[in-house]
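Yeah, the sequence shown ends on 441 if you go by full-length UniProt numbering, and it's all consecutive. Read through the structure below, which is laid out as C-alpha coordinates, and then see the notes.
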Amino acid sequence: MDCGPACLCMIAKHYGKNYTLDGLRQQSFIGRDGVSLLGISRASEKIGFRTVGGRLTFEKLVEKAPLPCIVHWNQDHFVVVYEVKKTRKEYNVYVADPGKGLITYNKEEFCSHWISTQTNGEEKGVALLLEPTHLFYEQEGDELHGKKRLQFLWKYLVRYKRYFTQLILGLFIGSILQLIFPFLTQAIVDTGISGKDIGFIWLILIAQLMLLFSRTAIDFIRRKILLHISTRINISLISDFFIKLMKLPMKFFDTKLTGDLIQRIEDHRRIERFLTAQTLNLLFSIFTFIVFGVVLFYYNLLIFCIFLIGSVLYGIWILFFLKKRRLLDYKLFEQQGINRNVVYQMITGMQEIKLQGCEQRKRWEWEDVQADLFDVNMESLSLQQTQEAGSILINELKNILITVVAATAVINGNLTLGMMLAIQYIIGQLNSPIEQIMSFI
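Here it is, written out as C-alpha coordinates:
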(Lines of atoms letter the chains of each structure in order from A and count residues from 1; the text may use other names and numbers.)
(Lines give C-alpha, C1' and ligand atoms only; values in the text may rest on other atoms or scores of the structure.)
Protein backbone atom coordinates (compact mmCIF):
# COMPACT_ATOMS: atom_id res chain seq x y z
CA MET A 1 0.00 0.00 0.00
CA ASP A 2 2.89 2.38 0.73
CA CYS A 3 4.87 1.44 -2.38
CA GLY A 4 4.16 4.75 -4.19
CA PRO A 5 5.30 7.07 -1.38
CA ALA A 6 8.25 4.72 -0.71
CA CYS A 7 9.37 5.04 -4.35
CA LEU A 8 9.13 8.83 -4.17
CA CYS A 9 11.06 8.77 -0.89
CA MET A 10 13.88 6.80 -2.58
CA ILE A 11 14.07 9.17 -5.55
CA ALA A 12 14.11 12.24 -3.28
CA LYS A 13 16.96 10.68 -1.32
CA HIS A 14 18.81 9.99 -4.59
CA TYR A 15 18.79 13.75 -5.23
CA GLY A 16 19.90 14.58 -1.68
CA LYS A 17 16.68 15.22 0.24
CA ASN A 18 15.24 13.10 3.05
CA TYR A 19 11.49 12.84 3.50
CA THR A 20 9.49 10.68 5.89
CA LEU A 21 7.15 8.07 4.50
CA ASP A 22 4.26 9.46 6.56
CA GLY A 23 4.69 12.95 5.11
CA LEU A 24 4.76 11.72 1.51
CA ARG A 25 1.86 9.37 2.21
CA GLN A 26 -0.33 12.30 3.26
CA GLN A 27 0.62 14.33 0.20
CA SER A 28 -0.09 11.37 -2.10
CA PHE A 29 -3.75 11.17 -1.03
CA ILE A 30 -3.34 7.51 -0.23
CA GLY A 31 -6.59 5.64 0.31
CA ARG A 32 -7.69 2.24 1.58
CA ASP A 33 -6.86 0.71 -1.80
CA GLY A 34 -3.45 2.34 -2.06
CA VAL A 35 -2.21 5.30 -4.09
CA SER A 36 -2.67 6.28 -7.73
CA LEU A 37 -0.08 7.51 -10.21
CA LEU A 38 -1.81 10.91 -10.11
CA GLY A 39 -1.41 11.02 -6.33
CA ILE A 40 2.31 10.26 -6.60
CA SER A 41 2.66 12.93 -9.30
CA ARG A 42 0.97 15.57 -7.13
CA ALA A 43 3.12 14.70 -4.13
CA SER A 44 6.23 14.87 -6.35
CA GLU A 45 5.34 18.33 -7.60
CA LYS A 46 4.69 19.56 -4.06
CA ILE A 47 8.25 18.74 -3.04
CA GLY A 48 9.73 20.34 -6.16
CA PHE A 49 9.83 17.73 -8.93
CA ARG A 50 8.71 18.25 -12.52
CA THR A 51 6.72 15.17 -13.54
CA VAL A 52 5.47 13.60 -16.74
CA GLY A 53 3.37 10.44 -16.67
CA GLY A 54 2.38 8.25 -19.57
CA ARG A 55 2.78 5.02 -21.49
CA LEU A 56 6.20 4.27 -22.97
CA THR A 57 7.83 1.54 -24.99
CA PHE A 58 10.88 -0.13 -23.52
CA GLU A 59 13.10 1.57 -26.11
CA LYS A 60 11.88 5.06 -25.13
CA LEU A 61 12.31 4.22 -21.45
CA VAL A 62 15.93 3.30 -22.11
CA GLU A 63 16.83 6.12 -24.50
CA LYS A 64 14.85 9.16 -23.31
CA ALA A 65 13.57 8.65 -19.77
CA PRO A 66 15.52 10.41 -17.00
CA LEU A 67 16.47 7.89 -14.34
CA PRO A 68 15.51 7.12 -11.66
CA CYS A 69 11.82 6.97 -12.53
CA ILE A 70 8.74 5.22 -11.14
CA VAL A 71 7.02 2.47 -13.14
CA HIS A 72 3.73 0.65 -12.62
CA TRP A 73 4.48 -2.98 -11.75
CA ASN A 74 2.16 -5.96 -12.22
CA GLN A 75 -0.81 -3.57 -12.41
CA ASP A 76 -0.90 -3.25 -8.61
CA HIS A 77 2.49 -2.01 -7.45
CA PHE A 78 5.10 0.72 -8.00
CA VAL A 79 8.88 0.29 -8.25
CA VAL A 80 11.84 2.52 -9.12
CA VAL A 81 13.98 1.94 -12.21
CA TYR A 82 17.33 3.52 -11.34
CA GLU A 83 19.64 2.19 -14.07
CA VAL A 84 19.58 0.37 -17.41
CA LYS A 85 22.74 -1.19 -18.83
CA LYS A 86 23.18 -2.70 -22.27
CA THR A 87 25.49 -5.66 -22.67
CA ARG A 88 26.43 -7.43 -25.87
CA LYS A 89 23.49 -9.80 -25.71
CA GLU A 90 20.78 -8.12 -23.64
CA TYR A 91 19.65 -5.27 -21.41
CA ASN A 92 19.96 -5.37 -17.61
CA VAL A 93 17.35 -3.29 -15.79
CA TYR A 94 18.12 -2.38 -12.17
CA VAL A 95 14.98 -2.02 -10.06
CA ALA A 96 14.47 -0.85 -6.46
CA ASP A 97 11.35 -2.59 -5.15
CA PRO A 98 10.02 -1.24 -1.80
CA GLY A 99 8.90 -4.75 -0.89
CA LYS A 100 11.87 -6.80 -2.11
CA GLY A 101 14.92 -4.53 -2.32
CA LEU A 102 17.35 -4.14 -5.21
CA ILE A 103 16.71 -6.59 -8.06
CA THR A 104 18.21 -6.96 -11.54
CA TYR A 105 16.03 -8.08 -14.48
CA ASN A 106 16.78 -8.76 -18.11
CA LYS A 107 14.56 -7.15 -20.75
CA GLU A 108 12.10 -10.04 -21.02
CA GLU A 109 11.66 -10.37 -17.25
CA PHE A 110 11.25 -6.63 -16.79
CA CYS A 111 8.69 -6.28 -19.60
CA SER A 112 6.65 -9.21 -18.30
CA HIS A 113 6.05 -7.23 -15.09
CA TRP A 114 5.84 -3.74 -16.61
CA ILE A 115 4.05 -3.95 -19.99
CA SER A 116 0.31 -3.37 -19.60
CA THR A 117 -1.06 -2.42 -23.05
CA GLN A 118 -0.36 -2.84 -26.75
CA THR A 119 -0.97 0.13 -29.07
CA ASN A 120 -0.38 -0.03 -32.85
CA GLY A 121 1.67 -3.16 -32.39
CA GLU A 122 3.88 -1.54 -29.72
CA GLU A 123 3.99 -2.89 -26.19
CA LYS A 124 3.88 -0.12 -23.59
CA GLY A 125 4.00 0.28 -19.84
CA VAL A 126 3.11 3.10 -17.46
CA ALA A 127 5.92 5.28 -16.08
CA LEU A 128 6.22 8.49 -14.10
CA LEU A 129 9.29 10.53 -15.09
CA LEU A 130 10.69 12.96 -12.53
CA GLU A 131 13.26 15.75 -12.67
CA PRO A 132 14.13 18.06 -9.77
CA THR A 133 13.58 21.80 -10.16
CA HIS A 134 15.20 24.64 -8.22
CA LEU A 135 12.23 24.48 -5.80
CA PHE A 136 13.25 20.95 -4.84
CA TYR A 137 16.67 22.10 -3.64
CA GLU A 138 15.26 25.18 -1.89
CA GLN A 139 12.89 23.12 0.28
CA GLU A 140 13.88 21.36 3.46
CA GLY A 141 13.22 17.64 3.85
CA ASP A 142 10.95 16.56 6.67
CA GLU A 143 12.85 13.49 7.87
CA LEU A 144 13.90 13.40 11.49
CA HIS A 145 17.67 13.47 11.80
CA GLY A 146 19.51 11.25 14.23
CA LYS A 147 19.71 13.97 16.90
CA LYS A 148 15.95 14.60 16.77
CA ARG A 149 15.22 10.88 16.91
CA LEU A 150 17.36 10.61 20.04
CA GLN A 151 15.55 13.59 21.54
CA PHE A 152 12.22 11.88 20.85
CA LEU A 153 13.37 8.73 22.65
CA TRP A 154 15.23 10.55 25.40
CA LYS A 155 12.09 12.30 26.69
CA TYR A 156 10.65 8.89 27.61
CA LEU A 157 13.85 7.72 29.29
CA VAL A 158 14.84 10.81 31.27
CA ARG A 159 11.81 10.50 33.56
CA TYR A 160 13.16 7.22 34.95
CA LYS A 161 16.88 7.94 35.04
CA ARG A 162 17.02 7.02 38.75
CA TYR A 163 15.70 3.53 37.98
CA PHE A 164 18.03 3.16 35.01
CA THR A 165 20.95 4.03 37.28
CA GLN A 166 19.89 1.25 39.66
CA LEU A 167 19.59 -1.19 36.75
CA ILE A 168 23.03 -0.36 35.38
CA LEU A 169 24.53 -0.65 38.88
CA GLY A 170 22.86 -4.05 39.26
CA LEU A 171 24.22 -5.17 35.89
CA PHE A 172 27.71 -4.03 36.89
CA ILE A 173 27.64 -5.86 40.25
CA GLY A 174 26.18 -8.99 38.61
CA SER A 175 28.97 -9.00 36.03
CA ILE A 176 31.66 -8.65 38.70
CA LEU A 177 30.17 -11.55 40.68
CA GLN A 178 30.02 -13.62 37.50
CA LEU A 179 33.67 -12.81 36.80
CA ILE A 180 34.79 -14.52 40.02
CA PHE A 181 33.41 -17.94 39.04
CA PRO A 182 36.17 -19.03 36.58
CA PHE A 183 38.87 -18.23 39.16
CA LEU A 184 36.99 -20.26 41.79
CA THR A 185 36.71 -23.16 39.33
CA GLN A 186 40.46 -23.01 38.70
CA ALA A 187 41.16 -22.86 42.44
CA ILE A 188 39.06 -25.99 43.15
CA VAL A 189 41.00 -28.06 40.59
CA ASP A 190 44.53 -26.67 40.92
CA THR A 191 44.60 -26.08 44.69
CA GLY A 192 41.85 -28.15 46.28
CA ILE A 193 41.95 -31.35 44.21
CA SER A 194 45.70 -31.29 43.50
CA GLY A 195 46.50 -30.62 47.17
CA LYS A 196 43.78 -33.00 48.39
CA ASP A 197 42.49 -30.23 50.65
CA ILE A 198 38.80 -31.00 51.22
CA GLY A 199 38.41 -28.04 53.57
CA PHE A 200 39.53 -25.64 50.86
CA ILE A 201 37.13 -27.24 48.37
CA TRP A 202 34.20 -26.81 50.79
CA LEU A 203 35.21 -23.19 51.35
CA ILE A 204 35.21 -22.47 47.60
CA LEU A 205 31.87 -24.25 47.13
CA ILE A 206 30.30 -22.17 49.94
CA ALA A 207 31.70 -19.03 48.31
CA GLN A 208 30.20 -20.08 44.96
CA LEU A 209 26.85 -20.70 46.66
CA MET A 210 26.86 -17.25 48.28
CA LEU A 211 27.80 -15.62 44.97
CA LEU A 212 24.99 -17.53 43.25
CA PHE A 213 22.43 -16.34 45.82
CA SER A 214 23.66 -12.76 45.52
CA ARG A 215 23.55 -12.80 41.72
CA THR A 216 20.05 -14.34 41.73
CA ALA A 217 18.75 -11.73 44.19
CA ILE A 218 20.19 -8.90 42.08
CA ASP A 219 18.60 -10.42 38.96
CA PHE A 220 15.17 -10.63 40.64
CA ILE A 221 15.34 -6.99 41.74
CA ARG A 222 16.54 -5.94 38.28
CA ARG A 223 13.59 -7.66 36.60
CA LYS A 224 11.06 -5.95 38.89
CA ILE A 225 12.57 -2.53 38.21
CA LEU A 226 12.63 -3.30 34.48
CA LEU A 227 8.94 -4.30 34.52
CA HIS A 228 8.10 -1.07 36.35
CA ILE A 229 9.96 1.07 33.80
CA SER A 230 8.76 -0.81 30.71
CA THR A 231 5.10 -0.64 31.80
CA ARG A 232 5.27 3.11 32.34
CA ILE A 233 7.10 3.77 29.08
CA ASN A 234 4.64 1.58 27.18
CA ILE A 235 1.67 3.48 28.62
CA SER A 236 3.33 6.83 27.81
CA LEU A 237 4.10 5.83 24.20
CA ILE A 238 0.63 4.49 23.41
CA SER A 239 -1.09 7.32 25.28
CA ASP A 240 0.82 9.91 23.22
CA PHE A 241 -0.09 7.96 20.08
CA PHE A 242 -3.80 8.09 20.99
CA ILE A 243 -3.56 11.82 21.76
CA LYS A 244 -2.12 12.50 18.29
CA LEU A 245 -4.58 10.08 16.66
CA MET A 246 -7.63 11.73 18.22
CA LYS A 247 -6.51 15.16 17.02
CA LEU A 248 -6.50 14.05 13.36
CA PRO A 249 -9.40 15.03 11.07
CA MET A 250 -12.13 12.58 10.04
CA LYS A 251 -10.77 12.26 6.49
CA PHE A 252 -7.64 10.61 7.89
CA PHE A 253 -9.70 7.64 9.12
CA ASP A 254 -11.40 7.34 5.73
CA THR A 255 -8.03 6.51 4.19
CA LYS A 256 -6.57 4.35 6.97
CA LEU A 257 -7.13 0.65 7.52
CA THR A 258 -8.05 -0.31 11.08
CA GLY A 259 -5.54 -3.16 10.98
CA ASP A 260 -2.78 -0.71 10.08
CA LEU A 261 -3.53 1.44 13.14
CA ILE A 262 -3.60 -1.60 15.42
CA GLN A 263 -0.29 -2.74 13.95
CA ARG A 264 1.23 0.67 14.75
CA ILE A 265 0.22 0.21 18.39
CA GLU A 266 2.09 -3.10 18.34
CA ASP A 267 5.10 -1.24 16.90
CA HIS A 268 5.03 1.09 19.90
CA ARG A 269 5.36 -1.98 22.11
CA ARG A 270 8.42 -2.96 20.09
CA ILE A 271 9.86 0.52 20.71
CA GLU A 272 9.23 0.07 24.43
CA ARG A 273 11.06 -3.27 24.41
CA PHE A 274 13.91 -1.65 22.49
CA LEU A 275 14.20 1.18 25.01
CA THR A 276 14.15 -1.08 28.06
CA ALA A 277 14.93 -4.79 27.89
CA GLN A 278 16.87 -4.93 24.61
CA THR A 279 19.03 -1.88 25.25
CA LEU A 280 19.89 -2.92 28.81
CA ASN A 281 20.64 -6.48 27.71
CA LEU A 282 22.92 -5.04 25.03
CA LEU A 283 24.83 -3.01 27.63
CA PHE A 284 25.10 -6.08 29.85
CA SER A 285 26.31 -8.20 26.92
CA ILE A 286 28.95 -5.66 25.87
CA PHE A 287 30.22 -5.30 29.45
CA THR A 288 30.30 -9.10 29.93
CA PHE A 289 32.12 -9.55 26.63
CA ILE A 290 34.78 -6.99 27.56
CA VAL A 291 35.33 -8.37 31.08
CA PHE A 292 35.53 -12.05 30.12
CA GLY A 293 37.49 -11.19 26.98
CA VAL A 294 40.18 -9.57 29.12
CA VAL A 295 40.29 -12.64 31.39
CA LEU A 296 40.52 -14.98 28.38
CA PHE A 297 43.36 -12.84 26.99
CA TYR A 298 45.10 -13.17 30.37
CA TYR A 299 44.81 -16.97 30.30
CA ASN A 300 45.91 -17.65 26.70
CA LEU A 301 46.49 -15.27 23.78
CA LEU A 302 46.04 -17.93 21.07
CA ILE A 303 42.66 -19.06 22.43
CA PHE A 304 41.56 -15.43 22.68
CA CYS A 305 42.50 -14.84 19.02
CA ILE A 306 40.62 -17.98 17.91
CA PHE A 307 37.54 -16.87 19.81
CA LEU A 308 37.78 -13.34 18.40
CA ILE A 309 38.16 -14.53 14.78
CA GLY A 310 35.27 -16.98 15.20
CA SER A 311 33.07 -14.24 16.67
CA VAL A 312 33.90 -11.88 13.79
CA LEU A 313 33.01 -14.59 11.24
CA TYR A 314 29.77 -15.24 13.15
CA GLY A 315 28.94 -11.52 13.05
CA ILE A 316 29.66 -11.28 9.31
CA TRP A 317 27.40 -14.28 8.68
CA ILE A 318 24.54 -12.66 10.63
CA LEU A 319 25.00 -9.28 8.89
CA PHE A 320 24.88 -11.04 5.52
CA PHE A 321 21.18 -11.80 6.15
CA LEU A 322 20.32 -8.44 7.74
CA LYS A 323 18.94 -6.80 4.59
CA LYS A 324 16.76 -9.79 3.73
CA ARG A 325 15.48 -9.95 7.30
CA ARG A 326 14.51 -6.28 7.12
CA LEU A 327 12.54 -6.84 3.90
CA LEU A 328 10.75 -9.86 5.36
CA ASP A 329 9.92 -7.85 8.47
CA TYR A 330 8.33 -5.19 6.26
CA LYS A 331 6.32 -7.82 4.34
CA LEU A 332 5.23 -9.47 7.58
CA PHE A 333 4.09 -6.10 8.98
CA GLU A 334 2.02 -5.49 5.85
CA GLN A 335 0.42 -8.95 5.87
CA GLN A 336 -0.35 -8.80 9.60
CA GLY A 337 -2.05 -5.43 9.08
CA ILE A 338 -4.16 -6.86 6.24
CA ASN A 339 -5.04 -9.90 8.35
CA ARG A 340 -6.15 -7.78 11.30
CA ASN A 341 -8.24 -5.58 9.03
CA VAL A 342 -10.01 -8.54 7.39
CA VAL A 343 -10.77 -10.14 10.77
CA TYR A 344 -12.03 -6.82 12.15
CA GLN A 345 -14.30 -6.29 9.14
CA MET A 346 -15.71 -9.81 9.42
CA ILE A 347 -16.48 -9.48 13.12
CA THR A 348 -17.93 -5.96 13.04
CA GLY A 349 -19.80 -6.48 9.77
CA MET A 350 -21.25 -9.93 10.45
CA GLN A 351 -24.86 -8.72 10.24
CA GLU A 352 -24.24 -7.09 6.87
CA ILE A 353 -22.40 -10.19 5.62
CA LYS A 354 -25.35 -12.42 6.50
CA LEU A 355 -27.87 -10.01 4.97
CA GLN A 356 -25.91 -9.95 1.70
CA GLY A 357 -25.39 -13.72 1.76
CA CYS A 358 -21.64 -13.44 1.16
CA GLU A 359 -20.41 -15.62 4.04
CA GLN A 360 -18.49 -17.97 1.76
CA ARG A 361 -16.85 -15.16 -0.21
CA LYS A 362 -15.68 -13.45 2.99
CA ARG A 363 -14.35 -16.73 4.34
CA TRP A 364 -12.46 -17.33 1.12
CA GLU A 365 -11.05 -13.80 1.36
CA TRP A 366 -9.80 -14.53 4.88
CA GLU A 367 -8.30 -17.85 3.76
CA ASP A 368 -6.44 -16.09 0.92
CA VAL A 369 -4.94 -13.70 3.46
CA GLN A 370 -3.90 -16.65 5.66
CA ALA A 371 -2.23 -18.28 2.65
CA ASP A 372 -0.25 -15.09 1.95
CA LEU A 373 0.68 -14.82 5.63
CA PHE A 374 1.80 -18.46 5.63
CA ASP A 375 4.02 -17.82 2.58
CA VAL A 376 5.73 -14.90 4.33
CA ASN A 377 6.16 -16.90 7.56
CA MET A 378 7.58 -19.84 5.61
CA GLU A 379 10.01 -17.56 3.80
CA SER A 380 11.03 -16.05 7.13
CA LEU A 381 11.49 -19.50 8.67
CA SER A 382 13.64 -20.68 5.75
CA LEU A 383 15.87 -17.64 6.10
CA GLN A 384 16.09 -18.13 9.87
CA GLN A 385 17.03 -21.79 9.48
CA THR A 386 19.72 -20.99 6.92
CA GLN A 387 21.11 -18.32 9.22
CA GLU A 388 21.01 -20.62 12.25
CA ALA A 389 22.69 -23.49 10.37
CA GLY A 390 25.67 -21.31 9.46
CA SER A 391 25.81 -19.78 12.95
CA ILE A 392 25.81 -23.17 14.68
CA LEU A 393 28.52 -24.47 12.33
CA ILE A 394 30.78 -21.45 12.95
CA ASN A 395 30.26 -21.54 16.73
CA GLU A 396 30.80 -25.28 17.10
CA LEU A 397 33.95 -25.26 14.95
CA LYS A 398 35.25 -22.39 17.07
CA ASN A 399 34.48 -24.23 20.33
CA ILE A 400 36.03 -27.50 19.10
CA LEU A 401 39.20 -25.71 17.97
CA ILE A 402 39.48 -23.94 21.33
CA THR A 403 39.07 -27.26 23.17
CA VAL A 404 41.82 -28.86 21.07
CA VAL A 405 44.20 -25.92 21.64
CA ALA A 406 43.46 -25.84 25.39
CA ALA A 407 43.92 -29.61 25.78
CA THR A 408 47.21 -29.45 23.85
CA ALA A 409 48.40 -26.63 26.11
CA VAL A 410 47.58 -28.72 29.22
CA ILE A 411 49.51 -31.71 27.82
CA ASN A 412 52.50 -29.46 27.03
CA GLY A 413 52.39 -27.94 30.50
CA ASN A 414 51.47 -24.42 29.36
CA LEU A 415 48.08 -24.55 31.11
CA THR A 416 46.85 -26.31 34.22
CA LEU A 417 43.71 -28.45 34.20
CA GLY A 418 41.98 -25.85 36.36
CA MET A 419 42.83 -23.12 33.87
CA MET A 420 41.41 -25.24 31.05
CA LEU A 421 38.11 -25.67 32.92
CA ALA A 422 38.06 -21.94 33.66
CA ILE A 423 38.59 -21.20 29.95
CA GLN A 424 35.70 -23.52 29.01
CA TYR A 425 33.50 -21.67 31.51
CA ILE A 426 34.54 -18.30 30.06
CA ILE A 427 33.83 -19.45 26.48
CA GLY A 428 30.37 -20.57 27.56
CA GLN A 429 29.72 -17.19 29.19
CA LEU A 430 31.02 -15.30 26.13
CA ASN A 431 28.83 -17.14 23.60
CA SER A 432 25.63 -15.75 25.10
CA PRO A 433 26.65 -12.04 24.88
CA ILE A 434 27.72 -12.52 21.25
CA GLU A 435 24.31 -13.98 20.38
CA GLN A 436 22.49 -11.17 22.22
CA ILE A 437 24.52 -8.49 20.43
CA MET A 438 23.77 -10.09 17.05
CA SER A 439 20.06 -10.46 17.85
CA PHE A 440 19.96 -6.77 18.79
CA ILE A 441 21.33 -5.88 15.35
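All C-beta atoms, glycine included, are put in the ideal place defined by N, C-alpha and C.
Item                                                                                                                    : Value
Separation of I392 from K244, as counted between CA atoms                                                               : 45 Å
Beta carbon of Y105 nearer than 9 Å to that of H14                                                                      : no
Whole-Å CB distance - G54 paired with V35, under 8 Å assumed                                                            : Between V35 and G54 the Cβ distance is about 18 Å, and since that is not below 8 Å, they are no contact.
Residue(s) in a DSSP beta bridge with R55                                                                               : V126
Within the UniProt domain "Peptidase C39" (1-121), ranges of the beta strand (DSSP E) (whole runs, at least 3 residues) : 49-56, 69-73, 77-86, 91-97, 101-106, 115-119
Q26 versus C9: straight-line alpha-carbon distance, rounded                                                             : 13 Å
Nearest candidate by alpha-carbon position, reference R232, set G293, T119, K161, I221                                  : K161
Beta-carbon proximity of V376 to L430, cut-off 9 Å                                                                      : no
C-beta atoms of Q166 and I225 nearer than 9 Å                                                                           : yes
Alpha-carbon spacing of Q139 relative to E108, whole angstroms                                                          : 39 Å
First and last residue of the uninterrupted alpha helix (DSSP H) at D240                                                : 198-246
Other residues of its chain near A6: CB distance less than 7 Å, five sequence neighbours each side excluded             : L21, P98
CA-to-CA distance, T117 to W73, given in whole angstroms                                                                : 13 Å
Exposure label - A12; buried when at least 16 CB within 10 Å                                                            : buried
Paired residues, beta bridge with Q131 - DSSP                                                                           : Note on identity: in this sequence residue 131 is Glu, with Gln being the wrong assignment. BP columns for E131 point to R50.
Buried/exposed call for G16, threshold 16 Cβ in 10 Å                                                                    : exposed
Limits of the alpha helix (DSSP H) - the one that D375 falls within                                                     : 359-411
Rounded straight-line distance, which links the Cα of Y94 to that of F374                                               : 29 Å
The alpha helix (DSSP H) enclosing I193, as first and last residue numbers                                              : Neither: I193 is in no alpha helix (DSSP H) and is coded neither H nor E.
Alpha-carbon to alpha-carbon, L280 and G413                                                                             : 41 Å
Per-residue DSSP class, three states only, for L313                                                                     : helix
Per-residue burial, N18 [other beta carbons within 10 Å of its own, 16 or more giving buried]                           : exposed
Whole alpha helix (DSSP H) elements within the region 156-187, 4-residue minimum                                        : 161-187
Assigned exposure category for M378 - 16 Cβ within 10 Å defines buried                                                  : exposed
CB contact flag (T57, E123, <9 Å)                                                                                       : yes
Buried versus exposed call for K398 [16 or more other C-beta atoms within 10 Å across all chains shown]                 : buried
Selection from V80, F200, Q336 that minimises the alpha carbon distance to E266                                         : Q336
N281 (DSSP reduced to helix, strand or coil)                                                                            : helix
Selection from P433, I193, V342, S382 that minimises the alpha carbon distance to I286                                  : P433
Cβ distance (whole Å) where P182 is taken to contact V295 below 8 Å                                                     : 7 Å
Start-to-end residues for the alpha helix (DSSP H) that takes in N341                                                   : 322-348
Cα-Cα separation between Y344 and G315, rounded to whole angstroms                                                      : 41 Å
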